[in-house]
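J.:
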Amino acid sequence: MEPVPQKTNVDHPLPTVSPKQRKRKNLFASYGFVGPAMILLFVFLILPAILALYYSFTNYYLLTPEKMKFVGMENYKRLAEDDIFLKSLGNTALFVVIVVPVQTLVALALALLVNQKVRGIKFFRMAFFAPVVTSMVIVSILWTFIYNPDNGLANSILNIVGIGPFQFLTDKDQAMYSIIFMSIWQGAGYQMMIFLAGLQEIPDHLYEAASIDGANAWQKLINITIPGIRNILVFIAIVTMIAATKLFIQPFVMTQGGPLDSTKTLVYMVYETGFKFRDVGYSSAIAILFFVIVLVISILQRKFIKESTE
Amino acid sequence: MKKGLLLLFCLVLALSMSACSNDNQGASGTEKNGEVQLKMWAHQGQPKEVDFYKKRIEEFNKAHKGKIHVKLDIIPSGAGHAYEDKINAAATSNGLPDVLDMDGPFVGNYAATGILAPIDDYVEKKDKQDFAKSIIQQGTYDSKLYALGAMESSIVVFYNKKLLKEAGINAPESLDKAWTWDQFMDASKKLTKNNVRGLTMHMDNGVGEWLTYMGSVFVWSNGGLLLNKDRTKADGYVNGPKSIEAMNYVKDLFKSKVVSVSNGPTDFEEGKAAMMLGGVWLIPGFEEYKNLDWGMTYFPYSKKKTSPSGSWAFGVSSQSKQPKEAAEVVKWMSNKDSVVEISKITGMPPARESAFKELPEYDKLPKKIIKDQVLNTAKARPATPAYPVLTAKFAEAFQAAALGQDVKKELDKAAKDTDRELERFKK
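Taken in sequence, the protein lines are chains U and R.
For the first sequence, my numbering assigns the number -13 to the initial residue and increments by one for each residue that follows.
For the second sequence, my numbering assigns the number 5 to the initial residue and increments by one for each residue that follows.
(1) For the beta strand (DSSP E) that contains asparagine 61(U), what are its first and last residues?
(2) Please specify which runs of the beta strand (DSSP E), each continuous and at least 3 residues long, are wholly inside the stretch 140 to 175 of chain R, giving them in chain order.
(3) Could you check which residue in Leu155(U), Ile283(U), Lys6(U) and Glu187(U) has the C-alpha nearest to that of methionine 227(U)?
(4) Need the endpoints of the alpha helix (DSSP H) that isoleucine 78(R) sits in, please.
(5) Roughly how many angstroms separate the alpha carbons of threonine 270(R) and glutamate 400(R), rounded to a whole number?
(6) Helix or strand or just coil, what does DSSP make of serine 315(R)?
(7) In chain order, which alpha helix (DSSP H) runs of at least 4 residues are fully inside the stretch 83 to 132 of chain R?
(8) For valine 200(R), which of Asp186(R), Ala171(R), Val211(R) and Phe222(R) has the nearest alpha-carbon?
(9) Could you list which residues in chain R have their beta carbon closer than 8 Å to that of asparagine 137(U), in chain order?
(10) Hey, quick one: how far does the beta strand (DSSP E) through leucine 203(R) stretch, first residue to last?
(11) Looking at the C-beta of phenylalanine 276(U), does it have a partner C-beta in chain R at a distance below 8 Å?
(12) Nearest chain R C-beta to arginine 264(U) closer than 8 Å, yes or no?
(13) Anyone know if the C-beta pair for proline 378(R) and alanine 136(R) falls short of 8 Å?
(14) Taking methionine 280(R) as the reference, give the member of Glu63(R), Ser225(R) and Lys165(R) with the closest Cα.
(15) Is arginine 385(R) close to chain U? Criterion is C-beta to C-beta, closer than 8 Å.
(16) Exposed or buried, tryptophan 204(U), counting other C-beta atoms within 10 Å across all chains shown (16 or more means buried)?
(17) When burial is assigned at 16 or more other CB atoms within 10 Å of the CB, is glycine 184(U) buried or exposed?
(18) Going straight from the alpha carbon of lysine 108(U) to that of valine 118(U), what length do you get?
(19) Distance cutoff 8 Å, beta carbons only. Does aspartate 95(R) sit that close to anything in chain U?
(20) So with Cβ pairs under 8 Å, would you call proline 122(R) a contact of chain U?
(21) Give the straight-line distance between the Cα atoms of alanine 418(R) and leucine 394(R), rounded to the nearest whole angstrom.
(22) Just reading off the alpha helix (DSSP H) that histidine 191(U) is part of, what are its end residues?
(23) Where does methionine 352(R) fall in DSSP's three states?
(24) For the stretch 367 to 394 of chain R, which residues have a CB atom closer than 7 Å to at least one CB atom of chain U, in sequence order?
(25) Rounding to the nearest angstrom, what Cα-Cα distance links aspartate 376(R) and leucine 369(R) in this structure?
(26) Spatial neighbours of serine 270(U) within its chain, please: CB distance less than 7 Å, with the 5 preceding and 5 following residues excluded, ordered by chain position.
(27) Lysine 59(R): which of Gly351(R), Tyr217(R) and Met337(R) sits nearest, CA to CA?
(28) Nearest to glycine 118(R) by CA position, among Leu152(R), Gly319(R) and Gln409(R), is which residue?
(29) I believe lysine 307(R) touches serine 225(R) by the beta-carbon criterion, under 8 Å. Please report the beta-carbon distance rounded to the nearest angstrom.
(30) Can you pull the chain U neighbours of isoleucine 119(R), defined as C-beta to C-beta under 7 Å?
(31) Whose CA, out of Arg385(R), Pro109(R) and Ala86(R), lies closest to the CA of glycine 228(R)?
(32) For threonine 310(R), which of helix, strand or coil comes out of DSSP?
(33) I want to see whether chain R comes within less than 8 Å of lysine 289(U), judged by CB atoms only; does it?
(34) Once DSSP output is grouped into helix, strand and coil, what is the label at tyrosine 133(U)?
(35) Check whether chain U comes within 8 Å of leucine 407(R), counting only Cβ atoms and requiring the distance to be less than that.
(36) DSSP three-state call for tryptophan 183(R): helix, strand or coil?
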């Protein structure tokens, strides 16, 4: 078939607006829509980021900005020898390495569970989702009570099973794992909901066909369900990763980075150095390095995912 | 061209936005009908304390009608550093009020960074002498006076009379018989049995100011210091042999299990701990526990009798255009009437010697203990610009001691970090 020749408006030109003018008008409108968001982004994201980069080369003390001096790489040199920075980096890494896979798997398992067509399943969906809509600060405060070594709920329950008591947040070897456990519990419901949406997209006839071919439940999971939600899986892994590196509220509320810096994370250190110690210069250097680390991980992740989707 | 226009558009909007945020929150010091208008911030303490601030400022406005009018804002202090964060933010954006309220040990930092203006010129020498020495100590930086408080504070050893009687222990009732560290350790050990600990130290308060407030007393009592006399050096002081010895004593208390890092906030009140190193502000709360028969005794000592000190105090911000009038507010909030009244409301000891005369309950036991400490053994935390770092690092070292870590290593870290911070303020 011949392509339909494009109609030009030479024969019937619109009386007032030429194509060029219309294009310009559209452009103006589109900038009008994008503008406010761009300005907000610039003022609250890009500008602070540029300033942070600049401050990281100065000795800016929060209360005496007029005495700010350029100190070159000094803050970065100090970072290299700072034990607490290394420890914070390690703590953050530990949190990410455990939370990302475990939380994703837990969420997937929950999604599979609540995807059953059983009466009253909506209650369970709601129950698993409830912690997500609760403020993290409140969740953290509640879990501080649950983790109380002497009269907390956690030890009472473990006592019935015959283990414990544990020190939880007051022990340097247990505090981080306590926070990890709580964070997975709190966040898994969110990923569960996204998984659930993905699961319901998979057409039923695939499962029916598999049943006819004599596939068991495990084979169906591996060959139909997982490939069916692969894009969602990737999305969730990235989102969880980014959220996990930003761990702050839990240690801020529950442990203040302690005991013995065992729950101090990079973002907590940025806050502590910048506000408590008022050392904005050094704090900015930590933030910049943190940015670089997240950037590198994101680039690697993108590369890895591009290859796998091809 | 288009890009240039867009950029210009962005800039104009950004500028107008920042102009909007520049509200009139800060020190006004303006005059209206010949009346000087002042702004004041106070932290949100106990509800009764907040009511007191409001009431006292109302009275001030009445007494100075036509001359000075103060508008008081109560700022939430919350957990951690919310109130301080607010001051920091305001200081950098020229938004400080004329009069502000701050925790005693931070006066040094605020004075050194130029947030506070000295008030020596406005306070009479005779009036100054009436304040407890420790209150003048905490308000003084570089031999200039910056802040005056209405309240003092102290930590005493609270004890459960019933449990002490059962163990056959008599707590000292006069300062010259105060417990030494060894006696205190013995008593704690004797009192630790069954499910009852001999002692609780409120380690559940976290690694905050509490640990420095309480912990520094151990160092001082043992003859150690956090900083040298000029407050220019931490190395050799906070990690000096006497400080290490003191922290090892704390470590031993935890090691011998007379006290636990996981003691709950009300273990003493509930009878799960026989003694408590606790702030005197806890006393009003004891009324809720009908079964508790409590007494108090002095902070135990090693070589020198020492007790903690320091509380919220008022100062004049350097951004105020009316420092003289602002100083009037500071003086009003710390005059004898204010001191007596806030002391009655909060149960905190008064900051003035003369106020003790109006409060007869401080002449007999158990409150006599507090008066003895405030007037004889109280020592303020060092007024230094490096205090925010010093207190955080010292508190971490104290917690490390409680958790059985190497005390010297932790104190060395505290010394190193504090010295680096002090370096910043050297000219």
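Yeah, the Cβ is synthetic: ideal placement off N, Cα and C, and Gly gets one too.
T.: With the given structure in hand:
(1) Counting from one through the first sequence, the residue named residue 61(U) turns up at place 75. Run containing asparagine 61(U): none in the beta strand (DSSP E); it sits in the alpha helix (DSSP H), 60 to 66.
(2) 151 to 153 and 159 to 164
(3) In the first sequence, residue 227(U) corresponds to position 241, counting from 1. Comparing Cα positions, the closest option is Ile283(U).
(4) Within the second sequence, numbered from 1, the residue matching residue 78(R) stands at position 74. Segment 72 to 79 is the beta strand (DSSP E) holding isoleucine 78(R); no alpha helix (DSSP H) there.
(5) Here residue 270(R) refers to the residue found at position 266 of the second sequence. Here residue 400(R) refers to the residue found at position 396 of the second sequence. Going by the C-alpha atoms only, they are around 23 Å apart.
(6) On the second sequence, residue 315(R) is found 311 positions in, with the first residue counted as 1. Looking at serine 315(R) - three-state DSSP - the assignment turns out to be coil, as it is neither helix nor strand.
(7) 86 to 96 and 111 to 116
(8) The sequence position of residue 200(R) within the second sequence is 196, counting from 1. Taking only the C-alpha atoms, the option nearest valine 200(R) is Ala171(R).
(9) Along the first sequence, one-based indexing puts residue 137(U) at 151. Per Cβ cutoff of 8 Å: Gly268.
(10) Position 199 of the second sequence holds residue 203(R). Per DSSP, leucine 203(R) belongs to the beta strand (DSSP E) from 201 to 204.
(11) Along the first sequence, read from residue 1 onward, the residue named residue 276(U) stands at position 290. For phenylalanine 276(U), the answer is no, since every Cβ of chain R falls outside 8 Å of its Cβ.
(12) By one-based count along the first sequence, residue 264(U) stands at place 278. So, interface residue.
(13) Residue mapping note: residue 378(R) aligns to position 374 of the second sequence, counting from 1. Residue mapping note: residue 136(R) aligns to position 132 of the second sequence, counting from 1. For the sequence presented, residue 378(R) should be read as valine rather than proline. Yes, they are a contact pair.
(14) As a working note, residue 280(R) is residue 276 in the second sequence. Checked all of Glu63(R), Ser225(R) and Lys165(R); the closest Cα to methionine 280(R) is Lys165(R).
(15) Within the second sequence, residue 385(R) is the residue found at index 381, counting from 1. Judged by the 8 Å Cβ criterion, arginine 385(R) is not in contact with chain U.
(16) Translated into positions along the first sequence, residue 204(U) becomes position 218. That one is exposed.
(17) Residue 184(U) sits at position 198 when you count from the first residue of the first sequence. Its Cβ being crowded by 16 or more others within 10 Å, glycine 184(U) is buried.
(18) For the purposes of this step, residue 108(U) is taken as residue 122 along the first sequence, with counting starting at 1. For the purposes of this step, residue 118(U) is taken as residue 132 along the first sequence, with counting starting at 1. Using only the alpha carbons, I get a separation of about 16 Å.
(19) On the second sequence, position 91 is the one that residue 95(R) refers to. Contrary to the premise, residue 95(R) reads as alanine rather than aspartate in this sequence. True, the Cβ-Cβ gap to chain U drops below 8 Å.
(20) What you label residue 122(R) is simply residue 118 of the second sequence in a count that begins at 1. Proline 122(R) does not count as touching chain U.
(21) Counting from one through the second sequence, the residue named residue 418(R) turns up at place 414. Counting from one through the second sequence, the residue named residue 394(R) turns up at place 390. Roughly 7 Å between the two C-alpha positions.
(22) In the first sequence, residue 191(U) corresponds to position 205, counting from 1. Segment 190 to 198, the alpha helix (DSSP H) holding histidine 191(U).
(23) The count along the second sequence starts at 1 and reaches residue 352(R) at position 348. Looking at methionine 352(R) - three-state DSSP - the assignment turns out to be coil, as it is neither helix nor strand.
(24) Pro392 and Val393
(25) Taking the second sequence and counting its residues from 1, one reaches residue 376(R) at position 372. Taking the second sequence and counting its residues from 1, one reaches residue 369(R) at position 365. Approximately 11 Å between the Cα atoms of the pair.
(26) Numbered from its first residue, the first sequence carries residue 270(U) at position 284. Excluding sequence neighbours, serine 270(U) sits near Ala38, Tyr41 and Ser42.
(27) Numbered from 1 along the second sequence, position 55 holds the residue referred to as residue 59(R). For lysine 59(R), the nearest C-alpha among the options comes from Met337(R).
(28) Along the second sequence, read from residue 1 onward, the residue named residue 118(R) stands at position 114. Per the Cα distances, Gly319(R).
(29) Residue mapping note: residue 307(R) aligns to position 303 of the second sequence, counting from 1. Residue mapping note: residue 225(R) aligns to position 221 of the second sequence, counting from 1. Between serine 225(R) and lysine 307(R) the Cβ distance is about 7 Å, and since that is below 8 Å, they are a contact.
(30) On the second sequence, position 115 is the one that residue 119(R) refers to. Those are Leu49, listed as they occur along chain U.
(31) As a working mapping, residue 228(R) is identified with position 224 in the second sequence. Closest option to glycine 228(R), Cα to Cα, is Arg385(R).
(32) Translated into positions along the second sequence, residue 310(R) becomes position 306. Of the three classes helix, strand and coil, the one that applies to threonine 310(R) here is coil, per DSSP.
(33) Here residue 289(U) is taken as the residue at index 303 of the first sequence, counted from 1. Closer than 8 Å: no.
(34) The residue you call residue 133(U) lines up with position 147 of the first sequence. Three-state DSSP puts tyrosine 133(U) in coil, outside helix and strand.
(35) For the purposes of this step, residue 407(R) is taken as residue 403 along the second sequence, with counting starting at 1. It does; some Cβ of chain U falls within 8 Å.
(36) Position 179 of the second sequence holds residue 183(R). DSSP places tryptophan 183(R) in coil when its eight states are reduced to three.
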